[in-house]
Amino acid sequence: MIKKLFLVLMFATVLFADIIKVQNFEADLFSKRDSTLKKIELSLMFEGRDIENKREPIVDALNIIVSSFYIEELFTSKGKEKFKKSLIAYVSKKYDIEIEHIFIRKMILKESVGVKEFIKALKKEGYIKKNNI
225 MIKKLFLVLM FATVLFADII KVQNFEADLF SKRDSTLKKI ELSLMFEGRD IENKREPIVD
285 ALNIIVSSFY IEELFTSKGK EKFKKSLIAY VSKKYDIEIE HIFIRKMILK ESVGVKEFIK
345 ALKKEGYIKK NNI
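Sequential numbering of the sequence shown, starting at 225, is according to the working numbering.
Spelled out as structure tokens, the structure:
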């Protein structure tokens, strides 16, 4: 009887949960090993109640939290779990959005960008004046 009740409750939770998919999200993370920026690509699925119209705050929080991790940390099992817990806690505190689960569908390392190349690109785009650095 208890098993049947548990299954019914789990099924009801799934029925009423909203899902937001964030696909091909890119971020540059710092590597503490070789002092370079590394580009990653993430595809995530967020599950929670009443989140279907809250995509922008969730993506904003994703951008903030993912950039707080070193690349080496994020590509470990413990790092991924810490990332998910941090993101859920930040979204809850900052935006009062309740996310029940985050599923990592894809996490890949795309390319490396050296600090010198990064500064050069910023100068080229006009974000840094040529004599400042």
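Glycine included, each C-beta is placed from N, C-alpha and C at the ideal position.
So residue i is in the beta strand (DSSP E); what residue range does that whole segment cover?
i: D320; result: Taken as a continuous stretch (DSSP letters only), D320 belongs to no beta strand (DSSP E), as it is neither H nor E.
Report the partner residues of residue i according to the DSSP bridge assignment.
i: A251; result: I264
i: G303; result: G303 is not bridged to any residue.
i: L333; result: I264
i: E271; result: I243 and H325
When the Cα atoms are used, what is the spatial distance from residue i to residue j?
i: K347; j: E250; result: 22 Å
i: D252; j: K262; result: 5 Å
i: P281; j: E341; result: 31 Å
i: L268; j: L311; result: 12 Å
i: K256; j: I264; result: 15 Å
i: G303; j: I289; result: 12 Å
i: M331; j: K306; result: 15 Å
i: E271; j: K353; result: 44 Å
i: S259; j: F299; result: 17 Å
i: V283; j: K245; result: 10 Å
Using beta-carbon positions only, say whether residue i and residue j come within less than 8 Å of one another.
i: I328; j: V315; result: no
i: D242; j: E276; result: yes
i: K318; j: A285; result: yes
List the endpoints of the continuous alpha helix (DSSP H) containing residue i.
i: I282; result: R279 to V290
i: E296; result: I295 to L298
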